[in-house]
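Protein chains in written order, with the numbering used here: chain Z, 895 to 1236; chain E, 895 to 1236.
All residues carry an ideal CB built from backbone N, CA and C; glycine is no exception.
Nothing here was measured: the structure is a model prediction, and the numbers come from that model.
What follows is a short report on a single structure.
There are 2 protein chains.
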Amino acid sequence: MVDKKSNIHDVARESGVSTASVSRTLSSPELVSEKTRKKVHDAIRKTGYRVNRAARNLRTKTTNSIIVLVPNLGNPFFSAILSGIERTLSKEGYNVLFCDTQNDIEGAPRLRDYFEDGRTDGILILDGACPDAELRELEKSEYASRVAFVCEWVPKHSFPVIRSDNEKGATLAAQHLVALGHKHLGHVAGPPENVLTGVRKTGFLDALESSGISTGDEWIYNGDFSLESGVQAAESFLQLQDRPTGLFFASDLMAIGFITRVTDAGLKVPEDVSVIGFDNIEIAGYIRPALTTIRQSRHKLGDLAAQTLLEGLKHTEPSLSPLIKVIDVALVERQSTCPPKK
Amino acid sequence: MVDKKSNIHDVARESGVSTASVSRTLSSPELVSEKTRKKVHDAIRKTGYRVNRAARNLRTKTTNSIIVLVPNLGNPFFSAILSGIERTLSKEGYNVLFCDTQNDIEGAPRLRDYFEDGRTDGILILDGACPDAELRELEKSEYASRVAFVCEWVPKHSFPVIRSDNEKGATLAAQHLVALGHKHLGHVAGPPENVLTGVRKTGFLDALESSGISTGDEWIYNGDFSLESGVQAAESFLQLQDRPTGLFFASDLMAIGFITRVTDAGLKVPEDVSVIGFDNIEIAGYIRPALTTIRQSRHKLGDLAAQTLLEGLKHTEPSLSPLIKVIDVALVERQSTCPPKK
DNA sequence: CTGAAAGCGCTTACAG
DNA sequence: CTGAAAGCGCTTACAG
């Protein structure tokens, strides 16, 4: 029954109505009589007609697509977030394009070009290292309400940000360690230029102060969130004369890399050093000692980000006050923390 | 200098040539005199012109997009493959759309619709559970050369398949275990309906036979590739009267789940039971004991799949003999295997 | 090498 | 409620 690809004219002919009526029964059925609707639907079934997206997009100046900018698609940390984004967006009928921002360093279009291209209706950015100039340009443009940040963000911009409650996470980590009796603590942070690095570090130190622990002599190490940098942190830790008894890591992967290296060196976790991570990636519960960590609801993050962006597409004007949606986090106590040795 | 979005007419006016010349200098510059090209490029710079994709797509009946069908975007196993796909495709100027096949169970278009929609130029499928009827329909259609499978596949179809050398991987695992002196072996496989399950299981058993080990009494357990199913396998293993001394797992995640559970129960890996995985995911080298496994080049898999599909887009006719590209695998020896106890 | 013009397949103001 | 017609922004045979 189907063979040659059919277009709206074929359907119009088949059903004996105008192309306008065909188009309307598809886009605004309430404008069309039931009788016509039925004829059109029959004809569509008979012809196997499908609306041509390119034509519709050209006509309506819309793309039905959302671009997601990810710093590294190969990093499993993002997978749950992306899954949440995809689910919500595809449910609303959007195509989801993923762009790895590391890959197209060279020929990458400027952010604004994605819009002027007619390539996207909106952009979701998971990359805090986004070029400032391009963001400023977008901010002043008519596309300002079509951009949102997830997880990471660039400070001093007015785009919505959907992120975890990093401050609370860091505070929970500090309080947990303090409650166990630790006094000499350390922090393995992300890279200095990353937004999350500052927020989590400050949150951790502030919470220590509030708990009556004078800060200033903590051991601080800057990693890059990866397993390997956890190993590096361990190397450095092992050189220390006076080692902290408890450590807060800005990512689970770094915590895991650290535990592995330090265990190989003969130390015991948590007896010799308590370790608490951040993220609660799936494997955290499966390594031994099972990792105590801060749970981030990554799926929810993606979900909410998609919803927020969709909301933004409806308004032409960007919201006046910068919109920040903070997702709750929680301490997940497992085996990698315990009271310090006397 | 840029404000209102400009179109090809603006550029034509600005440069004093026809829209045809503008279009040509962008798409087929060799057809245009250098003088005209220069005028056009100047005008483009001045106006900030960008080709409207929807219009070009409509006109050329092309989409410049490739759809990637993934069974579960949240599964980190796929991330490296997707990264390879995205890199290769975006380098060639394609948009990459990811669709989670679990998500859109309901409103998912039939495969053929993605083409008739004008939504894609090609489809890359990572999901062996693809509906057979839709594949048959595609196979007979004009789109037959625009589809390729990666990692997994559906048997008895003529689409290209880009996959790892699963047979060799299973053989290497068997030979490694046998070389260590193991005689009583077991296999934790994927789910029965998965293509990889059969291939890896058969490869393993055949290699055992060839090594002079009579097969038939191995312990076989069907998991689903996940950490949790590795734990389940361990539960079952612990009940066994006469336990195998060496186990081959169809995924690293299952191997890791198994090690964790069995270690909690007081067994020692590898002394009490040798474990070998499949995949070589990054964490495999960081757990303890470090996991002996079979390396799959996931990035390369994605890369080659993208190239193969792109190649297919150039030909109208599907290749006569089904195209199968097999990527080499290798044994990665670490700490989770050793000779059996006497 | 260049331009005028048709047309890709839709949607939607406009008129009835 | 319906249809005729314009037009979204390109590309490309065709003629010169």
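Item                                                                                                                          : Value
Positions along the region 1175-1201 of chain E whose CB lies within less than 9 Å of some CB in chain Z                      : Ile1175, Glu1176, Ile1177, Gly1179, Tyr1180, Ile1181, Arg1182, Ala1184, Arg1192 and His1193
Backbone secondary structure at Asp1011 (chain Z) - three-state DSSP                                                          : coil
Neighbour list for Lys940 (chain Z) in chain E, Cβ cutoff strictly below 7 Å                                                  : Near Lys940 (chain Z) there are no residues of chain E at all, since even the closest Cβ is about 15 Å away, more than 7 Å.
6 Å Cβ shell around Val896 (chain Z) - same chain, five flanking residues per side excluded                                   : Confidence in Val896 (chain Z) is poor, its pLDDT being 47 and thus under 50, which makes the residue's placement unreliable; the coordinate value appears in the next sentence. Excluding positions up to five away in sequence, the list reads Gly942.
Minimum length 3: unbroken beta strand (DSSP E) runs contained in the region 1146-1206 of chain Z                             : 1168-1170 and 1187-1189
Asp1026 (chain Z), enclosing alpha helix (DSSP H) - first and last residue                                                    : Asp1026 to Lys1034
Other residues of its chain near Ile1218 (chain Z): CB distance less than 6 Å, five sequence neighbours each side excluded    : Val1055
Pair within 8 Å by beta-carbon distance, Ser1230 (chain Z) and Val1169 (chain Z)                                              : yes
Endpoints, the beta strand (DSSP E) within which Leu963 (chain E) is located                                                  : Ser959 to Val964
Residue from E:Leu1121, E:Ser1052 and E:Asp1173 with nearest C-alpha to Met862 (chain E)                                      : Residue numbering for chain E in the displayed model covers 895 to 1236; residue 862 (chain E) lies beyond these limits and cannot be assessed.
Simplified DSSP state of Ile1114 (chain Z), which is helix, strand or coil                                                    : strand
Ser973 (chain E): contacting residues in chain Z (beta-carbon distance under 8 Å)                                             : Leu967, Gly968, Asn969, Pro970, Phe972 and Ser973
Option in E:Thr1065, E:His1051 and E:Leu967 with minimal Cα separation from Ile1188 (chain E)                                 : E:Thr1065
Contacts of Gly1012 (chain E) in chain Z (Cβ-Cβ under 7 Å)                                                                    : Asn946, Arg947 and Ala948
Buried versus exposed call for Ser1241 (chain E) [16 or more other C-beta atoms within 10 Å across all chains shown]          : The structure shown does not extend to residue 1241 (chain E), since chain E is modelled only from 895 through 1236, so no value can be given for it.
Own chain, CB closer than 7 Å to Ile1048 (chain Z), minus 5 neighbours either side, in chain order                            : Looking at the sequence shown, residue 1048 (chain Z) is not Ile but Val. The residues are Gly1022, Cys1024, Asp1026 and Leu1029.
Chain-ordered residues of the region 976-993 of chain E with a beta carbon less than 7 Å from chain Z                         : Leu976, Ser977, Glu980, Arg981, Ser984, Asn989, Val990, Leu991, Phe992 and Cys993
Own chain, CB closer than 6 Å to Arg1094 (chain Z), minus 5 neighbours either side, in chain order                            : Asn1060, Ala1064 and Ala1144
8 Å contact criterion, which Lys937 (chain E) and Val905 (chain E) should meet: CB distance rounded                           : The sequence given here places Ala at residue 937 (chain E); Lys does not occur at that position. Right, their Cβ atoms sit about 5 Å apart.
Residues in the region 1144-1169 of chain Z having any Cβ partner in chain E nearer than 7 Å                                  : Ile1150, Gly1151, Thr1154 and Thr1157
Range covered by the beta strand (DSSP E) that runs through Arg1040 (chain Z)                                                 : From DSSP, Arg1040 (chain Z) is part of no beta strand (DSSP E); its letter is neither H nor E.
Candidates E:Thr1109, E:Cys993, E:Ile1153 and E:Ser984, of which the one nearest Gly987 (chain Z) by Cα                       : E:Cys993
For Asn951 (chain Z), the residue or residues it bridges with in DSSP                                                         : Per DSSP, none; premise fails for Asn951 (chain Z).
Element boundaries [beta strand (DSSP E), containing Ser1058 (chain Z)]                                                       : Val1055 to Ser1058
Validate contact between the region 942-951 of chain Z and the region 971-984 of chain Z using beta carbons, cut 8 Å, 3 pairs : no
N- and C-terminal bounds of the beta strand (DSSP E) containing Leu1079 (chain E)                                             : Leu1079 to Ala1083
C-beta contact flag for Tyr1115 (chain Z) and Ala1101 (chain Z) at 8 Å                                                        : no
Under 8 Å from the C-beta of Asp1007 (chain Z): neighbouring residues of chain E                                              : Arg944
CB contact below 8 Å: Leu1121 (chain E) versus chain Z                                                                        : yes
Amino acids of chain Z, ordered along the chain, whose beta-carbon sits closer than 7 Å to that of Asn951 (chain E)           : Ala948
Proximity to Leu967 (chain Z) [Cα-Cα], best of E:Leu976, E:Ile1181, E:Phe1172 and E:Leu991                                    : E:Leu976
Those residues which DSSP pairs with Ala1068 (chain E) across a bridge                                                        : Answer is none; Ala1068 (chain E) lacks a bridge partner.
Simplified DSSP state of Lys1236 (chain E), which is helix, strand or coil                                                    : coil
Three-state secondary structure assigned by DSSP to Glu1046 (chain E)                                                         : coil
Cα-Cα separation, Asn946 (chain E) to Ile1017 (chain E)                                                                       : 23 Å
Per-residue contacts from Asn899 (chain Z) into chain E (C-beta, under 7 Å)                                                   : In the sequence on display, residue 899 (chain Z) carries Lys and not Asn. Within chain E, the residues near Lys899 (chain Z) are Glu1010.
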